[in-house]
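Mapping to our numbering: the sequence shown position 85 is 318, numbers consecutive. Quick reminder that beta carbons are idealized off the backbone N, C-alpha and C, glycines included. So the structure is just underneath, and the comments pick up after that.
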Amino acid sequence: MANISDVIENFLTELFGDENSILISRNDLAQYFNCAPSQINYVLSTRFTVDKGYAVESKRGGGGYVTLIKLTDDEHYLSELVTNSLGDEVGYHRACQILDRLSADKLISERERDIMKTVLSDKAIVAFDKERKERVRAGLLKSFLVYLMKNPCGGEKQ
Numbered sequence: 234m235a236n237i238s239d240v241i242e243n244f245l246t247e248l249f250g251d252e253n254s255i256l257i258s259r260n261d262l263a264q265y266f267n268c269a270p271s272q273i274n275y276v277l278s279t280r281f282t283v284d285k286g287y288a289v290e291s292k293r294g295g296g297g298y299v300t301l302i303k304l305t306d307d308e309h310y311l312s313e314l315v316t317n318s319l320g321d322e323v324g325y326h327r328a329c330q331i332l333d334r335l336s337a338d339k340l341i342s343e344r345e346r347d348i349m350k351t352v353l354s355d356k357a358i359v360a361f362d363k364e365r366k367e368r369v370r371a372g373l374l375k376s377f378l379v380y381l382m383k384n385p386c387g388g389e390k391q
């Protein structure tokens, strides 16, 4: 049996249909799923991230309404990652999630993904402590993303 977070994520994903954005009420969703609003916040903050191809915009003074947006424009997605989502430090697991998304969206090939995973691994960045590794990893990943923004013919898209 799926946990409540999986059920909420699937519900919201299906709600998109062919649309690129949906407006939802956290309170209405919490009531519908008979859970706390914090559970909805958890799903939004962990399952609908920029790394996974989504942006969440809260409506100020909007009574708990949020807009979920599919980041379908490749350049917008890459720009959002470089300027807002990626910080100065990136863990290997998160870097792999981003690379997997880029590969799934055909922005890079599977081979390019695997090469970058190797380059960003702890084994490749061996000369540094954990904090410096994450800083070096973030710098390398950002450089790769900027390259993709300037040269959008990566992967198998044409």
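Contact between the stretch 313–322 and the stretch 276–292 is present: three or more C-beta pairs spanning the two stretches fall below 8 Å. In this structure, the CA atom of K383 is about 44 Å from the CA atom of C268. When G250, I237 and F249 are compared, the shortest CA-CA separation from Y265 is found for I237.
The secondary-structure analysis by DSSP pairs T300 across a beta bridge with L256 and E290. The Cβ-Cβ distance between L374 and V323 falls below 8 Å.
A straight-line Cα-Cα distance of about 37 Å links I273 and K356.
Here DSSP, grouped into helix, strand and coil, assigns T246 to helix.
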